[in-house]
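Visitor: When you line the sequence shown up against my numbering, it's residues 232 to 576, in that order.
From the three backbone atoms N, C-alpha and C, an ideal C-beta is built for every residue, glycine too.
Owing to the predicted nature of the structure, the values given are computational and were not obtained by experimental measurement.
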Amino acid sequence: MSIDTRGVGHGGRDASEDGGGPGGRAAPALRPLTGTAERIAAGIETVIEGKPHAVRLALTVLLAEGHLLIEDVPGVGKTMLAKALGRSVDCSVSRVQFTPDLLPSDITGVSAYNQRVGAFEFKPGPVFAHIVVGDEINRASPKTQSALLECMEERQVTVDGHTHALERPFMVVATQNPVEMEGTYPLPEAQRDRFMARISMGYPSPQSELDMLDLHTAATPLATLRPVATAADVIAMIEAVRGVHVSAAVRRYAIDVVTATRRSPELRLGASPRATLHLVRAARAFAALEGRDYALPDDLQALAVPVLAHRLLPAPESQVAQRTTAQILTDLLHRVPVPDRVPGQ
232 MSIDTRGVGH
242 GGRDASEDGG
252 GPGGRAAPAL
262 RPLTGTAERI
272 AAGIETVIEG
282 KPHAVRLALT
292 VLLAEGHLLI
302 EDVPGVGKTM
312 LAKALGRSVD
322 CSVSRVQFTP
332 DLLPSDITGV
342 SAYNQRVGAF
352 EFKPGPVFAH
362 IVVGDEINRA
372 SPKTQSALLE
382 CMEERQVTVD
392 GHTHALERPF
402 MVVATQNPVE
412 MEGTYPLPEA
422 QRDRFMARIS
432 MGYPSPQSEL
442 DMLDLHTAAT
452 PLATLRPVAT
462 AADVIAMIEA
472 VRGVHVSAAV
482 RRYAIDVVTA
492 TRRSPELRLG
502 ASPRATLHLV
512 RAARAFAALE
522 GRDYALPDDL
532 QALAVPVLAH
542 RLLPAPESQV
552 AQRTTAQILT
562 DLLHRVPVPD
572 RVPGQ
């Protein structure tokens, strides 16, 4: 499964040297994973025209047991991507439309008194699903946004002193409009840090938009999308990803990249230790989707912007110069030394 990594330099070995990646054969233990992932991606791409990079990043986050934030202007397919991912896997999917009057209990659930049995009973909210689609998350109040914090990090919900575990796999796919849009509340730093990656859809190419018109005129593609994997399949894929080897050199490179964000004068807030963990976990999934049972520095480079940029805060001077965190991070990647060879592969 090929993912576009243009825009940053490359280091380490070419995957083709070991038979993994494009043009090579997947490692034997990963062949079931890559086959299932290809089927999921193919199904989603029948709904989302011309966005293979976004689809593959969504799969990377799913297999790394992370959460995905999709940020872009209205109408470019953010919610469609989230729904298509949910429909491609035969598991429970729920959707929450975030609005200013939404309450935390509307997400997590409530304890209600049952007169028949004379006791309180817990009524689960929409967060009790394998894939939770949070639409326009930054239109809800900060109090409601924070209701997702425990769910995303601890994978459990506490209501009235009782803790309720969430099932595996569990993934939150949240969409949001740019903060400049009317009626939005910026996500707090603590909540942004819990999303493994942030992606933007972008406008489609003219040809992709023409294909979209033809496709949506004939039928509603999302309604015809059928599951190609089960929740058990996804759990097996997640376990396979955990077996992907990350050498000491690659782990050190991940730390060097994150440390560079903390020392950069262009940033007033660098990436957290959680960001380092997310970067390495995502690199494992990225490598597995390429058919490799080991991670390369190239994987970290390809994932650095989607995994790290949304956690960073630019310094005032950078804001005046209209420098985005993605631009600053890309420059840092070019300056951090890359391991020439990755031992232990």
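Please classify N408: does DSSP put it in a helix, a strand, or coil?
Guide: Reduced to three states, the DSSP call for N408 is coil.
Visitor: In the structure shown, what three-state DSSP assignment does Q553 receive?
Guide: coil
Visitor: Please report the Cβ distance between A491 and V567, rounded to the nearest whole angstrom; I am assuming they are in contact, meaning their Cβ atoms lie under 8 Å.
Guide: 5 Å
Visitor: Compute the distance between the beta-carbons of V324 and I362, then report whether it is under 8 Å.
Guide: Taking 8 Å as the Cβ cut-off, V324 and I362 qualify as a contacting pair.
Visitor: What distance in whole Å lies between the Cβ atoms of L564 and V488, which are believed to be in contact at a cut-off of 8 Å?
Guide: 7 Å
Visitor: So does the stretch 290 to 297 actually touch the stretch 425 to 437, counting three or more Cβ pairs closer than 8 Å?
Guide: yes
Visitor: Quick check on M383: does DSSP put it in helix, strand or coil?
Guide: helix
Visitor: Quick check: the Cα distance between V551 and E497, rounded to an integer number of angstroms?
Guide: 11 Å
Visitor: I'd like the ranges of any alpha helix (DSSP H) spanning at least 4 consecutive residues and lying wholly in the stretch 440 to 464.
Guide: 452 to 455
Visitor: Quick check on DSSP: helix, strand or coil for D562?
Guide: helix
Visitor: If R386 sits next to A396, beta carbons under 8 Å apart, how far is it from one beta carbon to the other, in whole angstroms?
Guide: 7 Å
Visitor: Kindly provide the ranges of any alpha helix (DSSP H) runs that are 4 or more residues long and lie completely inside the stretch 489 to 532, ordered along the chain.
Guide: The qualifying runs are 504 to 520.
Visitor: Going by the DSSP bridge assignment, what does G365 pair with across the sheet?
Guide: Answer by DSSP bridge pairing, in chain order: V327, A405.
Visitor: Quick check: what's the CA-CA separation for S503 versus A350?
Guide: 44 Å
Visitor: Just to confirm, is the Cβ distance from I279 to L312 under 8 Å?
Guide: yes
Visitor: Taking the straight line between their C-alpha atoms, what separation do you get for P417 and Y344?
Guide: 36 Å
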